[in-house]
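Numbering (my numbering), first residue to last: 38 to 515. Even glycine gets a Cβ: it sits at the ideal position worked out from N, Cα and C. Here the structure is laid out as structure tokens; the discussion comes afterwards.
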């Protein structure tokens, strides 16, 4: 009896240990051996297991920290040169994003026609040279407002050609199965950089001026160039070469118009990008004109917004379910409400605290819209469809940024936040209703198509042909 009891107790102990090996106290997955292989503890870490994506992500992180340092220092430089003019900062932002309107679609054509990695090496090198020139001019004391404007436009031109390829390149690094997680991780590194960059820039500008910040950004491009060069070409999930011969923009617009899953995120992001995502202008204006604070306080506000964005990106990276239109609309309404609420905050501390959830909601909107666009795009025209997405996301800034500056100068910086949030929320609700109704009408008006039914199975288990015709069923038109 005692021997049998010991055997049963041992079996129970081993079974219990096997079950506990898959869980920890918090209920999260651990790395366990199953069939001799190790299982990733989360979707995010599984995506990071791709060597090409991991190297690319690290290079992008270093470069984006430098880029956000330059953006913050560039705004502060313009404010110094113009005696705190909000309109001048708006014009600077507009010039930097205007090339997205002019050349963004061409960047999508290039992304589908040429190898994306080679194209990225060229564009990233051009952006590094721009930063170097701006840094040298500033350190030498030869910089003026027009030089900053011209260099901002040149930087925007390189970015317009770079962005479609950079965004579409993520799918070639990980494949379609991990694309949504990779988009969120890419957004996470972007927001880590946005949290670190402006805060470091604010302190660096206070200590050494804006010139050294621009030079640091120029050096940071070496990291992303190394990451691109170190990628293994044989592990990329690139579309077939035959798809690169046919790169008409009209095909991309036709695909967007025909698919509600493409039309909704692109339409929503058009309004939010134009009126809601202008924090680069509004945060600097509120920090200086409303709270009468300096560059360091501006950096803390930017970091608070970016920390919230980082939390939102990490939450999105761990999701297993694909993004949906309902999630996009809900996130946009929440973002609009929080943006409007931030404009009502009475003091610096309250404004800083509200920026954290506002950043979380904003990155949820962007990652959901981005992932929906890429997942529903045909691989052969992903670059062109992404360029349309980026056109409405960033191309509206030349309209939105000067408008925000004008509203701020006329009615106050707070009102620009309230107006932007209200427009974003109402646009999401209205567009969702219109596109859903349009899709339903299209399905109901689709012609009837006769569909052959499989032969019925009788009780004897054998197939028998149906002698009477089958009723017609409704299918969407091709």
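Just to confirm before moving on: does the CB-CB distance between residue 289 and residue 422 stay below 8 Å? yes
From residue 131 to residue 322, what does the alpha carbon distance come to, in whole angstroms? 16 Å
Do you know offhand how far residue 305's Cα is from residue 406's? 8 Å
Would you mind sorting residue 272 into buried or exposed? The rule is 16 or more other CB atoms within 10 Å of its CB. exposed
Under the three-state DSSP convention, the category residue 153 falls into: helix
So the alpha helix (DSSP H) residue 388 belongs to, where does it begin and stop? 385-412
Give the single residue among 243, 402, 127 whose Cα lies nearest to the Cα of residue 439. 127
Inspect the CB distances between the region 243-251 and the region 85-96 and report whether three or more fall short of 8 Å. no
At the level of alpha carbons, what is the spacing between residue 168 and residue 241? 16 Å
Is residue 32 helix, strand or coil when you go by DSSP? This structure gives no information on residue 32, because the portion of the chain shown stretches from 38 to 515.
Could you have a look at residue 415 and say whether DSSP puts it in helix, strand or coil? coil
Is DSSP giving residue 228 helix, strand or coil here? helix
Any alpha helix (DSSP H) of 4 or more consecutive residues that is wholly inside the region 441-481: 450-481
Does residue 381 come out as helix, strand or coil in the three-state DSSP assignment? coil
Just mark residue 299 as buried or exposed, buried being the case when its beta carbon has 16 or more other beta carbons within 10 Å. buried
Measuring only the C-alpha atoms, how far is residue 97 from residue 383? 37 Å
What residue from 258, 363, 92, 187 has the CA that sits closest to residue 158's CA? 258
What's the gap between the Cα of residue 318 and the Cα of residue 208? 32 Å
Residue 174 to residue 184, Cα distance in whole Å? 9 Å
Determine the burial state of residue 448: buried for a count of at least 16 other Cβ atoms within 10 Å of its Cβ, exposed for fewer. exposed
Ignore the nearest five residues each way along the sequence and tell me which others in residue 254's own chain have a CB closer than 7 Å to its CB. 103, 104, 106, 107, 168
Looking at the structure shown, is residue 315 part of a helix, part of a strand, or coil, going by DSSP? coil
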